[in-house]
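Chemist: The structure follows.
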Amino acid sequence: MSRPDLSQRIQHERQQRIAAHRLRTRRSVSRRDGVRVEIDGRWRINFCSNDYLGLAQQFAVVNAAQDTLQRDGVGSTASHQVCGHMQIHDRLEKDIAEWLQVPRALAFSNGYMANLAVVQSLLGNGDVCVQDRLNHASLLDAARLAGCHLRRYPHGDAEGALRQLKAEPDGAALIATDGVFSMDGDIAPLRQLSLAARLQHAWLYVDDAHGVGVVGPEGRGCVAEAKLGVKDVPLQLVTLGKALGGYGAVLAGASDAIEHLQQVARPYTYTTAMAPAQAAAAVESIKLARREHWRREKLTELISHFRHAAQQHDLPLGESDTPIQPILCGSEQRAVALAEALEWSGFLVGAIRPPSVPEGASRLRVCLSASHSVEQVQSLVDTLAAAWVLKRDKANG
Ligand SMILES: *Cc1c(COP(=O)(O)O)cnc(C)c1O
């Protein structure tokens with residue numbers, strides 16, 4: 037028998053990861069106070085959370101969750117189709133649909149599963165899913181699970197998407213793209229993509245995990261910002277774990293598309309419904325995200341301050357107007373060394389390296405939040421600039 041031994045295989049893979057310095061570690065946060073986090077007894081300013089609007093610990097949001105927790109308990113106790121679906125889920129779906137101005141919405145446990153659900157419910161053997169090269173991993177996994185062909189186009193290239201669709205004229209087709217790209221912070225060319233989809237009788241699906249709450253009028257996201265409607269984008273993804281500060285996801289779109297997902301999507305049917313307190317928290321954060329424009333205005337101010345300060349120090353910024361601001365470092369070692377230097381100085385910034393980004397495209401991913409102050413942002417940039425020069429001199433000498 038030549039069956040590989042699984043213990044040996046995982047040992048071997050671990051050794052390879054160690055040799056390549058790619059062992060992933062995690063930290064345990066002991067306390068959190070807005071943008072400050074305590075790790076190993078030291079407080080640091082957090083620049084890697086996706087809590088863009090500062091709602092994760094907002095008083096009214098926490099209260100809403102607490103009230104529901106008291107009344108309804110911790111778990112939903114079953115899947116949506118059995119008895120886990122509660123009125124608060126209806127309310128959440130209704131509020132999202134109203135906010136995004138679409139007919140219907142459907143709550144999911146998280147964005148990863150919602151993406152699996154969309155592609156798997158729409159496409160199968162002989163169909164094609166056309167995707168941006170820098171799409172989130174969950175969209176790539178979704179195409180794999182659906183068993184359709186996956187064709188990728190260069191980042192942000194709508195003509196590339198059109199070419200890929202033309203190359204496969206027979207199966208049903210879906211263009212799937214991030215709205216705001218999670219590692220780059222730039223926005224997909226949704227109007228051009230929508231045109232490509234229309235020309236090729238394909239649907240356009242937008243995963244707006246990082247756009248909703250932050251981008252567009254009333255924070256309605258990239259689709260609204262591009263002035264597209266449900267006819268152009270029959271389905272889009274809203275995550276509750278990023279700008280809305282909670283956990284979970286909602287698909288929003290055309291009635292028949294949403295109804296179809298509710299009937300057939302396995303990641304909807306075969307899992308426990310979102311906890312009611314989570315849904316209640318999201319209902320409250322949506323209210324605040326819509327009403328409190330100052331959160332977006334503050335973000336805009338911080339983004340422009342960050343970019344201006346970084347440019348003055350000649351730091352290599354990405355092309356982003358969103359709270360995701362990459363500093364392009366190139367080598368993995370450099371990105372990691374800079375993140376370590378920043379952490380030592382009291383700032384938490386994510387070093388993003390392959391396979392999350394392509395080889396040679398390692399970066400620091402700075403995430404801004406409405407809860408940061410201008411002084412904190414300035415101090416991050418100054419510290420980063422000093423570390424940047426130091427690391428460069430070390431590399432040269
Ligand atoms: C975070 C993210 C997801 C996954 O959402 P979760 O709710 O965290 O599972 C999907 N797509 C994109 C673009 C994301 O950034």
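Quick note: the sequence shown uses the numbering used here, first residue 37, plus one each step. All C-beta atoms, glycine included, are put in the ideal place defined by N, C-alpha and C.
Is it the case that the Cβ atoms of Val-242 and Leu-226 are separated by a distance below 8 Å?
Modeler: yes
Chemist: For Arg-78 and Gly-70, what's the separation of their Cα atoms in angstroms?
Modeler: So the two alpha carbons sit approximately 15 Å from each other.
Chemist: Between which two residues does the beta strand (DSSP E) carrying Ser-82 extend?
Modeler: Correcting the residue identity first, residue 82 is Asn in this sequence and not Ser. Its beta strand (DSSP E) spans residues 78-82.
Chemist: Measuring straight from C-alpha to C-alpha, what distance separates Val-517 and Ile-124?
Modeler: Examination of residue 517 is not possible in this model, given that the chain is present from 37 through 433 alone.
Chemist: Should the segment 281-288 be called in touch with the segment 54-69, which here means at least 3 C-beta pairs below 8 Å?
Modeler: no
Chemist: Is any heavy atom in ligand 2 found nearer than 7 Å to the beta carbon of Tyr-88?
Modeler: With respect to small molecules bound, the structure shown includes ligand 1 and not ligand 2.
Chemist: Hey, Gln-94 and Gly-281 are a contact pair by Cβ (cut 8 Å); roughly how many whole angstroms apart?
Modeler: 7 Å
Chemist: Do you know offhand how far Leu-335's Cα is from Cys-84's?
Modeler: 15 Å
Chemist: Figure out for me which residue from Gly-120, Val-166 and Val-319 has the closest Cα to the Cα of Gln-200.
Modeler: Val-166
Chemist: Assign Ala-92 to one of two classes, buried (16 or more other C-beta atoms within 10 Å of its C-beta) or exposed (fewer than that).
Modeler: Burial call: buried.
Chemist: Measuring from the CB of Tyr-148, is there a heavy atom of ligand 1 at a distance below 7 Å?
Modeler: yes
Chemist: Rounded to whole angstroms, what's the CA-CA distance from Asp-177 to Ala-194? Just pull it up for me.
Modeler: 22 Å
Chemist: Whose CA, out of Met-149, Arg-234 and Ser-38, lies closest to the CA of Lys-267?
Modeler: Arg-234
Chemist: Can you tell me which of the three DSSP states Thr-213 falls into?
Modeler: strand
Chemist: Assign Leu-338 to one of two classes, buried (16 or more other C-beta atoms within 10 Å of its C-beta) or exposed (fewer than that).
Modeler: buried
Chemist: Output the boundary residues of the beta strand (DSSP E) element that contains Gly-386.
Modeler: 386-388
Chemist: At a cut of 8 Å, does the segment 149-169 reach the segment 206-215 through at least three beta carbon pairs?
Modeler: The segment 149-169 vs the segment 206-215: in contact.
Chemist: Three or more C-beta pairs under 8 Å: does that hold for the segment 104-124 against the segment 300-317?
Modeler: yes
Chemist: Below 7 Å CB to CB, which residues in the same chain sit around Val-300 once its five sequence neighbours on both sides are set aside?
Modeler: Ser-157
Chemist: Out of Asn-171, Val-138 and Val-413, which one is the CA nearest neighbour of Val-259?
Modeler: Val-138
Chemist: Output the boundary residues of the beta strand (DSSP E) element that contains Val-65.
Modeler: 65-69
Chemist: Confirm, please, whether the CB-CB distance from Arg-399 to Ile-363 is below 8 Å.
Modeler: yes
Chemist: My assumption, with CB atoms under 8 Å, is that Gly-255 sits in contact with Ala-325. Please give the rounded CB distance.
Modeler: The Cβ separation is near 5 Å, so the contact holds.
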